[in-house]
Each structure stands twice: as structure tokens, then as C-alpha cells.
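Visitor:
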Amino acid sequence: NAGVMQNPRHLVRRRGQEARLRCSPMKGHSHVYWYRQLPEEGLKFMVYLQKENIIDESGMPKERFSAEFPKEGPSILRIQQVVRGDSAAYFCASSPRGGQGIDEQYFGPGTRLTVT
Amino acid sequence: EDKVVQSPLSLVVHEGDTVTLNCSYEVTNFRSLLWYKQEKKAPTFLFMLTSSGIEKKSGRLSSILDKKELFSILNITATQTGDSAVYLCAVYANSGYALNFGKGTSLLVTP
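Chains X and R are the protein sequences, given in the same order. Letter by letter, the first sequence follows residues -10 to 105 of this note's numbering. Letter by letter, the second sequence follows residues 7 to 117 of this note's numbering.
1. Identify every residue that forms a DSSP beta bridge with residue 28 of chain R.
2. For residue 50 of chain R, would you say it is in contact with chain X, using Cβ-to-Cβ distances shorter than 9 Å as the test?
3. Any chance you could list the beta strand (DSSP E) runs of at least 3 consecutive residues sitting entirely within the segment 55 to 94 of chain X, in chain order?
4. Given that residue 65 of chain R touches chain X, what residues does it touch there, using C-beta distances under 9 Å?
5. For the structure I just gave you, are there three or more beta carbon pairs, one from the segment 79 to 87 of chain R and one from the segment 23 to 30 of chain R, closer than 8 Å?
6. Just tell me which of X/74, X/86 and X/92 has its CA closest to the CA of residue 25 of chain X.
7. Does the CB of residue 34 of chain X have a neighbour CB from chain R at under 9 Å?
8. Grouping DSSP H, G and I as helix and E and B as strand, with all else coil, what is residue 89 of chain R?
9. Short of 7 Å in beta carbon distance, which residues of its chain neighbour residue 58 of chain R, apart from the five on each side in sequence? Order them along the chain.
10. Write down the C-beta distance between residue 21 of chain R and residue 85 of chain R rounded to the nearest angstrom, noting that I regard them as a contact closer than 8 Å.
11. If I'm right that residue 105 of chain R touches residue 52 of chain R with Cβ under 8 Å, what's the distance once you round it to whole angstroms?
And the structure:
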């Protein structure tokens, strides 16, 4: 049973370009979470999605960031017009249930975004 | 604002030593506390704790939660170099689906 898959593992973008990060949850999991890890900081929650629905995006910056989890295919975290401050590791996690506070979230290996 | 604080931030021990990592929290509507191990890749799930005083154990690792004093500890006995990693503590609060993470404890086990 494959774990959570993320690609690409490393992504370099120039300022102003768009970044697309992909996440395929574990088989049987329909709940996806995105976290960001800035240097010297802990993991910070960004958004929680179920298939075709954004449930909570309270951790997402208001501009330039969006996320989706379509009926078919991986979840996508999209960052438009990237700036240097977006450089970070972006982790995706999945769980079989959601919203109960007792779910084990399983993490992918992360995408390290570098903005030059 | 919800807070999860881990201590120490970093630790260096010799192989065979026993270590105790600490995690304290101040959150609204606590649900559960989770420990993860992060090497240079995905955080790997270790334990989930929901009830006070009940120890969770897996091999040389064990953990316990104190909901009255709002903290948890992670113990590692007979440490090995493969235990070198960042250990993350995370808490479910409020809505119950966003994990609030501490900054982690970086453990280095030397031969």
C-alpha cells in the first residue's frame, strides 16, 4: 500500500511564476491536508479538503494561494506569482476520516519550493 | 492563540542513553496529542494519546499524556544512532482536523 505521494520533490521558480504542487493520498483516504514548514518554524496548517470540497482554508494566505481536490486525480496546491517568502517545504497529509480530532494523519515526503 | 511548546529544542546523547522529550500545550478544546518522527523526509507517525495516564509503547519508545498539567513526554530508552531525527509533537484542538505542531526537538545520538 503506497504511502502519500507528493511531486515534485523539489521545485525552483523565479519570482512571479506559478508553482503547482501535487499530492496523492493513501489508498482509501479521502481527506487531505496541506501544511507549510518555513525554516526554523514548525509545520503550519494551511487547508483541509475532502473530495471536491474545501472544508477549512483558515491557514491559507488570502491571496495567490489556492487548493483543490477534484473527484479524479491528486490534490493540487497552487501558488500564483511566487515571492521569495514562499520558499518553504510544503507537506501533504491524508487520513481515512476527518474532523473528529482522533485521526492519524499520514504525511508525504514534501515538496521543497525555492523561489529565486 | 493555541500553543504547543517542545523542549529541549535540541539534544545530543551517546548511544545507549535514555532520553525524555517534553511537549506542553495550551489549546482550546483539546482532542488528542500526536508524536511524529521526522528525518529528512516525511514525518512518520509514532503515537496518538487521548487519555491521561495511559502509556503508549512501541519497542524502545513510550509516551504518556497528562491532561491536567497539559503536557506529554516521549521516552526513548537504549538510544541508537538511527533514533537521530527531529521529534514533533502536535495537538488536535477546536475543529478537530488541523494539527497544531510544536517546533520539534532535534535529537542526535552519537556512537
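From the three backbone atoms N, C-alpha and C, an ideal C-beta is built for every residue, glycine too.
Guide: So, to answer that:
1. R/13 and R/79
2. yes
3. 64 to 68 and 77 to 84
4. What residue 65 of chain R touches in chain X: nothing, since even the nearest Cβ is about 18 Å away.
5. yes
6. X/74
7. yes
8. helix
9. 71, 72, 73 and 74
10. 6 Å
11. Rounded, the Cβ-Cβ distance is 13 Å, inconsistent with contact.
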